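Heads up, the sequence shown is in my numbering, so the first residue is 6 and it goes up one at a time.
Where a beta carbon is used, it is the ideal one built from N, C-alpha and C, also for glycine.
Remember, predicted model here, so these are calculated numbers, not experimental data.
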Amino acid sequence: MVSELQLSLWFFGLWAVAVVIATLIARRRRPEPIFQPKTFWRLRTERGVLRARFIGETSRGYQIEAPMAQGAYVALRTGDQVYVEAPGFGEAFTFRTQVVDRDSKTRVLTLKRVKQPVAHNRRDQGRIKSEEKITLNGVPSLLLDQSAGGAKVLTAADLSAGDVVRLESATEPTRMAFALEVLPDTLDGRLASCVRLIFADAAS
């Protein structure tokens, strides 16, 4: 007869093995990407506000091209602190990190991975519909709707996700914003883009 102690040890052993297997599977499973590839990130650093193209993720962190200013590469160094604003899939993310690696040959920087970037989803906020004529980076555009955190605009301006834009209207103060999503559309019968924006002050 198998004693109760032996049965308990046997069940405990099975449970321990199951826990180890589940842990190994969880570690091997890669998390779903949250950042849009080949978009521009905005970096707030001691050397000013910079823009850098996101390359991808590695086991060490986020890889970006070295930022440029006035036609020259900005020499961010290992250990430099960075505040990042990055477009994701349907929302924007902000987080604080630091440079952990710098490849002088390829001019690729690696930023330390963070556990929980702060998500900013304009769809979660109340929106006020509008058809106000505005300008986006000086280009005549149409404001479709607006919320406390961002706006949706039809524009002929040449933009990409991650771009920083200047929104001007006759009724409100000028605001800087971050292009979260850029989709093809038409404006006055011409090719244009429908741009979802997050205001810069909402992402900081």
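Selected residue, minimal CA-CA separation from G167, among L55, S109, K138: L55
Could you name the residues of the same chain whose beta carbon sits closer than 6 Å to that of E62, not counting the 5 residues immediately before and after it, in chain order? Answer for E62: no residue qualifies.
Can you tell me the Cα-Cα spacing of C199 and D150, whole angstroms? 11 Å
If you run the structure through DSSP and keep just helix, strand and coil, what is A161? coil
What number of angstroms, rounded off, separates the C-alpha of A156 from the C-alpha of F204? Our two residues, A156 and F204, have alpha carbons roughly 8 Å apart in a direct line.
Which of the three DSSP states, helix, strand or coil, is assigned to D206? helix
Buried versus exposed, by CB contacts within 10 Å (16 or more), T115: With a 10 Å radius around the Cβ and a threshold of 16 neighbouring Cβ atoms, T115 comes out buried.
For V158, the nearest candidate out of A124, V187, S109 (CA to CA): V187
Rounded to the nearest angstrom, what separates L147 and D193 at their Cα positions? Counting only the Cα atoms, D193 lies some 10 Å from L147.
Helix, strand or coil for E37? Go by DSSP, reduced to three states. coil
Proximity winner among E90, V113, T179, relative to R65 (alpha-carbon distances): V113
Helix, strand or coil, according to DSSP, for Q75 in the structure here? If DSSP states are grouped into helix, strand and coil, Q75 belongs with coil.
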